[in-house]
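All letters in the sequence shown, in the order written, are residues 147 to 374 by the working numbering.
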Amino acid sequence: VRVAGQRYDLGLHGFARGLSFAVEAQEGDFARLVARDDAATRAAYPFGFTLAVEYRLSGEALEIELEVVNSGDIAMPYACGLHPGFNWPAPREGALVRFAEAERPEVPVIAPGGLFSAQTRQISLADGRILPLDDALLAREALCFLNAASRALRLERGDGSALEMRLDDFPHIALWSRPPAPFLCLEAWTGFGDPVNFAGDLFEKPSMRTLQPGAVARHGAVFRYDAP
């Protein structure tokens with residue numbers, strides 16, 4: 147991407163996953179981890195920032211919150227997301243995702259290199275809300291529900307157990323696995339990958355957000371497990 151006419155390489159999934167986070171606070175059921183810009187990050191992303199990740203346990207629930215701070219003196223475009231994977235062992239028959247609201251029965255086709263094409267593929271959504279899961283459905287790449295209507299969904303397994311995900315200010319939802327690996331990722335994003343052939347300024351990239359100097363943004367998700 148370009149910023150003010152200069153090219154930068156943010157990588158396919160950005161750079162935050164490679165950062166070293168310091169433990170800023172820790173209790174029995176809570177941890178706050180923080181990373182800040184440095185010379186290495188500014189070579190890929192020329193902005194001053196603080197990124198904090200908070201984890202909190204409560205009963206059968208895990209709450210994760212991202213805090214993004216513009217610590218620089220110019221406007222800052224950003225996108226962030228969560229990529230947690232959850233155990234989904236065999237037998238996998240009878241599993242489904244139940245969305246809180248009706249969703250479009252199509253998802254973008256992911257092009258080589260993880261780029262988003264303008265093409266879509268059809269998926270089966272009973273009543274617009276129930277998506278049966280199988281390995282064939284997930285083998286073609288992530289299922290990305292951009293600007294999803296739902297702010298919550300449930301992964302329901304054939305044994306009666308379920309995992310609920312509730313979102314706060316994450317407009318995009320993705321489901322990803324690598325069959326037959328025994329996991330499923332329930333992802334929440336504020337933005338998404340580059341469209342095919344995108345070569346514009348980072349501020350112009352679809353779904354980017356902009357923080358003014360000193361501004362703070364928070365994005366959260368709660369994952370709750372229901373036993374059979």
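Beta carbons are placed, not taken as given, at the ideal position from N, Cα and C, and that holds for glycine.
- Note on the segment 323-347: whole beta strand (DSSP E) runs with a minimum of 3 residues are 329-335, in chain order.
- Fully enclosed beta strand (DSSP E) runs of no fewer than 3 residues occupy 168-172, 176-182, 195-204, 207-216 of the segment 156-217, in order along the chain.
- In the DSSP assignment, I319 forms a beta bridge with F291, A334.
- By the C-beta criterion, the segment 255-275 is judged not to be in contact with the segment 300-312, since fewer than 3 inter-stretch pairs fall below 8 Å.
- Only residues of its own chain outside the window of five on either side were considered, and among them A190 have a CB closer than 8 Å to the CB of G157, listed in chain order.
- R364 is a Cβ neighbour of E213, given a cutoff of 7 Å.
- Here DSSP, grouped into helix, strand and coil, assigns E350 to helix.
- When DSSP states are grouped into helix, strand and coil, G259 belongs to the helix group.
- In the DSSP assignment, Y371 is bridged to L309.
- In this structure, F369 keeps its C-beta atom at 7 Å or more from the C-beta atom of W234.
- The C-beta separation of T196 from S217 comes to about 5 Å, placing the pair in contact by the 8 Å criterion.
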